[in-house]
């Protein structure tokens, strides 16, 4: 600590050096008090003599003393402290009880808290006599110099003549909190209404004839924090209050929860929170304002009337709205209605409103106070969350022109607010009796309104907070007065009186509770009766804002479930909007022009196939046709026609057949295309396979190559066909094809329509479609690749047994390329029905046309140009000539191959001779000296060496 202390000391000295020309000297505290130096320790305070500019000190007093005069002083630039002309003192405080007088008045001098030197003057109200001194003085010991006086009731002497004071009534005090400002300024009209009721009750001789009710009220500003302070003042200052009357749900919650500790009855005139219906938490609470949950049965009834099953909510984060919304959620769930979006906000509703817009909320229930409602609808205007597509449900107890009141917290004009709120619906508790009846106060509802308007001094009701709830405050006073009047007899029987009430007396509280609980009378707000939870039971009024003003469109009696409907509801659109964007499902169908065009080509291809098949069968005895394996060609033609026939079901969709028959179309597609491919391509593959197998083997003898049994060819095609049939059967048994519907991104239609188009596309599919396609495509793909390979390997082979294998190879090339391109492309384009059909069908058409033209057109041309079909003799001769030509060509190619092999052997021998000559040059000469050689000189061993 020592180093820290020294460093702080140096800092203070440096500070003193800087501010010694600008600062204030330390001053002495008041007597019996001290000074709080902010930010300085005791050691630092002892070493500092001048405090810097703008530094503040605070006076504190010891014991029960309070500061009189300025309690904070600030250092000024001129080196002085603020308010030095006003002396600050620490004085003892005298008891506050002396500052109030029951049935009397107290004036004090000087004004302020009761401290030494204060003088109080007492006087009694008419009908009361002061007993005791009429003044008292607070001395230096913190005590009053005389006992507190009292005001006793004066009973006139009937024997004396002349005027005398009226007989006095004992006062019963009601502590009330009226919010004159804040989120709900209901006290502006409710306070005058309550005072009207008190005046009338106090004039009645048949209600509490020996008592007078007096209202002690404060402005709670609808703020629980402010209400806490005011409640403390009500409870801890005389006189004793028999009943508390708070308004505003948040304040009533606080008061009702605390009142049980003082055995106080709480009667609220303006609290709608459902949480207040909890008897265990609020055992002494009553209210003439029905619970906010009374709106919910009405809302559910309207949802059902307008056939809405999906709603959204936005609420201010307070207990009253949260509990109301919880109750609404339970009721809507029971009615089969979904709350799809639930948003809340504390002070800024902008994010919540944006979320409503983003999630396509249409029917929106808003729960918030009037001040927040203006903020919400300013954001609603900005987000365009209003108009013929939307309906807002609001609370009905706002002022009628709440959206026209200028509010500095929003940046929207009155015109913009008026546009945003047009058409919204409000549910409001019936707070004014619609019938012309005289109740307990002997006033009709209209007479009450006339008197209230006179009391308000001509104020605009639309601009007066709580005007709608004013009848509830009026009836609350009457309910209390009638209940207290009902308790006088039972209490008298027990030897008790109402004026005996104190905060520890539970018996009187119990009597008042029983009287209120059984209340039943006609008030200006309707029939007043409380349920088991102390809440008022009432009807609900339904209104709609039409042309800037509210119009009644119906009533709902929640106790009986009866909806009285006027039928004058008006909408911006043709009627009530949909609870969500109406989605119209629209199937995408194949272009009929495309389907007809491709079908024409497919039909012509089938005709071409029939011509080719007929030609092949008719000329099957011609030698040239026989050498091309006509039965395999017939299979090819039949397979091509089946493949072309698959084009027709491939183009059929929901436009042509019902969805129930669509699986049959899917089967036709699969079987026609699968078997057509197996016959057409399988027969061509068989030819090229056996040409490669028989005529490319070097080990076989030529005689063996000449024999090619036809049954092997047919067996090969049969094997391929059986494989396809079995695989398709297994597929359809294990995982049959069915219709699936693909959904696309929703599209907005042309024109101002509140709908979205949901494009749909029907597909033939199965549960494991990709697996089956992978197996089929893998098997077929291998066949295609193998076919290409075999066609390439046999391109130079010539044989009379299969004389068209080169044409077959060319057809295989084209078919394989088209198939391997089409298969993946059609999978990619499966969501585009026109492109997918065009690509697949044209690939089939082109493949078939190429195959038929390549295989059959050359045969037709040859027979037509050479006339080989004219007679059997000519046919035989020409066939023999053709065979001879084919044999010559075969022999010529065989000789060329043998010549190349011999040339290779000769080259190897020459290289061997050159090697041997080199060896002779480096060894014993084999030749005689003359360099010539003769047969006699050739030894056998040397000849063997030469040709080794």
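Numbering (mature numbering (1 follows the signal peptide of the UniProt record, and there is no 0)), first residue to last: -21 to -1, 1 to 927.
A virtual CB, placed ideally from N, CA and C, is assigned to each residue, including glycine.
Keep in mind the model is a prediction, meaning the values are calculated, not measured.
Residue closest to residue 692, alpha-carbon to alpha-carbon, out of 527, 610, 625 and 644: Within the chain shown, residue 692 is the residue found at index 713, counting from 1. Looking at the Cα atoms, 610 is the closest of the given residues.
Integer-rounded CB distance, given that residue 317 should sit under 8 Å from residue 288: Walking along the chain shown from the start, residue 288 turns up at place 309. Walking along the chain shown from the start, residue 317 turns up at place 338. Sure, about 6 Å apart at Cβ, within 8 Å.
Grouping DSSP H, G and I as helix and E and B as strand, with all else coil, what is residue 291? The count along the chain shown starts at 1 and reaches residue 291 at position 312. Residue state, collapsed to three classes: strand.
Between which residues of its own chain and residue 124 is the CB-CB distance below 7 Å, once the five residues before and five after are set aside? Translated into the one-based positions of the chain shown, residue 124 becomes position 145. Around residue 124: 115, 116 and 118.
Just to confirm my understanding: we take residue 203, look at its own chain, exclude 5 residues before and 5 after, and list those with CB closer than 8 Å. What are they? For the purposes of this step, residue 203 is taken as the residue at position 224 of the chain shown. Same-chain partners within the cutoff: 229, 230, 232 and 233.
Bridge partners for residue 332 per DSSP, in chain order? Taking the chain shown and counting its residues from 1, one reaches residue 332 at position 353. According to DSSP, residue 332 bridges with nothing at all.
Runs of 3 residues minimum, wholly inside the stretch 504 to 579: which ones carry the beta strand (DSSP E) assignment? The stretch 504 to 579 contains these whole beta strand (DSSP E) runs: 505 to 508, 519 to 525, 528 to 536, 541 to 544 and 561 to 566.
List the DSSP bridge partners of residue 156. Residue 156 sits at position 177 when you count from the first residue of the chain shown. Answer is 197 and 225.
Which of helix, strand or coil DSSP assigns to residue 409: To locate residue 409, count along the chain shown from 1; it is residue 430. Correct three-state label for residue 409: coil.
Just list the residues that DSSP pairs residue 40 with in beta bridges. Along the chain shown, one-based indexing puts residue 40 at 61. Under the DSSP definition of a beta bridge, residue 40 partners with 12.
Out of curiosity, what's the CA-to-CA distance linking residue 466 and residue 491? By one-based count along the chain shown, residue 466 stands at place 487. By one-based count along the chain shown, residue 491 stands at place 512. Taking the straight line joining both Cα atoms gives about 6 Å.
Between residue 176 and residue 456, how many whole angstroms is the CB-CB distance? I'm expecting something under 8 Å. As a first step, residue 176 is located in the chain shown; it is residue number 197 there, counting from the start. As a first step, residue 456 is located in the chain shown; it is residue number 477 there, counting from the start. Going by Cβ atoms, the distance from residue 176 to residue 456 rounds to 4 Å, so yes, they are a contact pair.
On the CB-based measure, 16 or more other CB atoms within 10 Å of its CB, does residue 63 come out buried or exposed? On the chain shown, residue 63 is found 84 positions in, with the first residue counted as 1. With fewer than 16 other CB atoms across the displayed protein chains lying within 10 angstroms of its CB, residue 63 is exposed.
How should residue 88 be labelled, buried or exposed, when 16 other C-beta atoms within 10 angstroms of its C-beta is the threshold for buried? Along the chain shown, read from residue 1 onward, the residue named residue 88 stands at position 109. Exposed: under 16 other Cβ atoms inside 10 Å.
Kindly list the residues whose CB is nearer than 8 Å to the CB of residue 191, restricted to its own chain and excluding five residues on each side of it in sequence; keep chain order. The sequence position of residue 191 within the chain shown is 212, counting from 1. Exclusion of the five residues before and after residue 191 leaves 148, 149, 150, 151 and 181 as the residues of its chain whose Cβ lies within less than 8 Å of its Cβ.
Inter-stretch contact at 8 Å, needing at least 3 Cβ pairs: the stretch 470 to 485 / the stretch 434 to 441: Touching, no, given that fewer than three Cβ pairs across the two stretches are closer than 8 Å.
Under the three-state reduction of DSSP, which class applies to residue 440: helix, strand or coil? The residue labelled residue 440 in the question sits at position 461 within the chain shown. Looking at residue 440 - three-state DSSP - the assignment turns out to be helix.
Extent of the continuous beta strand (DSSP E) to which residue 101 belongs: Translated into positions along the chain shown, residue 101 becomes position 122. From DSSP, the beta strand (DSSP E) with residue 101 extends over 98 to 103.
Buried or exposed (CB count within 10 angstroms, at least 16 for buried), residue 664: Looking up residue 664 in the chain shown gives position 685. Of the residues assessed, residue 664 falls on the buried side of the cut-off, its CB having 16 or more other CB atoms within 10 angstroms.
Could you check the C-alpha separation between residue 442 and residue 359 for me, to the nearest Å? Along the chain shown, read from residue 1 onward, the residue named residue 442 stands at position 463. Along the chain shown, read from residue 1 onward, the residue named residue 359 stands at position 380. Looking at the backbone, the Cα of residue 442 and that of residue 359 are separated by about 23 Å.
What are the start and end residues of the alpha helix (DSSP H) that includes residue 493? Numbered from its first residue, the chain shown carries residue 493 at position 514. Run containing residue 493: 485 to 496, per the alpha helix (DSSP H) assignment.
Let's test the definition: count the other Cβ atoms within 10 Å of the Cβ of residue 806 and tell me whether it reaches 16, buried, or not, exposed. Your numbering for residue 806 matches position 827 in the chain shown. So residue 806 counts as exposed.
Beta-carbon within less than 6 Å of residue 487's beta-carbon, same chain only, minus the 5 sequence neighbours each way: which residues are those? The residue labelled residue 487 in the question sits at position 508 within the chain shown. Taken in chain order, the residues that qualify are 480.
Using DSSP with H/G/I as helix, E/B as strand and the rest coil, what is residue 840? Reading the chain shown from its first residue, position 861 is the one you call residue 840. Note: residue 840 maps to helix in three-state DSSP.
Once you ignore the five residues that flank residue 111 on each side, which residues in its own chain have a CB closer than 8 Å to its CB? Residue 111 sits at position 132 when you count from the first residue of the chain shown. Only 101, 125, 126, 127, 128 and 129 meet the Cβ criterion.
Is it right to say residue 953 is buried, meaning 16 or more other beta carbons lie within 10 angstroms of its own, or is it exposed? Past the edges of the chain, shown from -21 to 927, lies residue 953, and the structure says nothing about it.
7 Å Cβ shell around residue 278 - same chain, five flanking residues per side excluded: Position 299 of the chain shown, counting from 1, holds the residue named residue 278. Closer than 7 Å at the Cβ level, and outside the excluded window around residue 278, lie 307, 344, 372 and 406.
Can you look up residue 603 in the DSSP assignment and give me helix, strand or coil? Mapped onto the chain shown, residue 603 falls at position 624. DSSP, read as helix, strand or coil, puts residue 603 in helix.
By a C-beta neighbour count over all protein chains shown, 10 Å radius and 16 as the cutoff for buried, is residue 690 buried or exposed? By 1-based counting over the chain shown, the position of residue 690 is 711. Under this definition residue 690 is an exposed residue.
Beta-carbon within less than 7 Å of residue 554's beta-carbon, same chain only, minus the 5 sequence neighbours each way: which residues are those? Taking the first residue of the chain shown as position 1, residue 554 is located at position 575. There are no such residues.
Residues in the same chain with beta-carbon distance under 8 Å from residue 79, minus the five sequence neighbours each way, listed in chain order, please. Walking along the chain shown from the start, residue 79 turns up at place 100. Closer than 8 Å at the Cβ level, and outside the excluded window around residue 79, lie 85, 216, 217 and 218.
With burial defined as no fewer than 16 other Cβ atoms inside 10 Å of the residue's Cβ, what is the status of residue 815: buried or exposed? In the chain shown, the residue the question calls residue 815 occupies position 836. Label assigned to residue 815: buried.
Residues near residue 855 by beta carbon distance below 6 Å, same chain, minus five either side: For this step, residue 855 is matched to residue 876 along the chain shown. The predicted position of residue 855 is uncertain, since its pLDDT is 44 and thus under 50; a value taken from the coordinates is nonetheless stated next. Counting only residues of its own chain and dropping the five nearest sequence neighbours on each side, residue 855 has no CB closer than 6 Å to any other CB.
Report the residue from 61, 69 and 97 whose alpha carbon sits nearest the alpha carbon of residue 77. Along the chain shown, read from residue 1 onward, the residue named residue 77 stands at position 98. Looking at the Cα atoms, 97 is the closest of the given residues.
Assuming contact is defined by CB atoms lying nearer than 8 Å, are residue 18 and residue 39 in contact in what I supplied? Working through the chain shown from its first residue, we reach residue 18 at position 39. Working through the chain shown from its first residue, we reach residue 39 at position 60. Annotated as distal: residue 18 and residue 39, with beta-carbon spacing of 8 Å or more.
For residue 721: DSSP bridge partner residues: Along the chain shown, one-based indexing puts residue 721 at 742. Answer is 740, bridged to residue 721.
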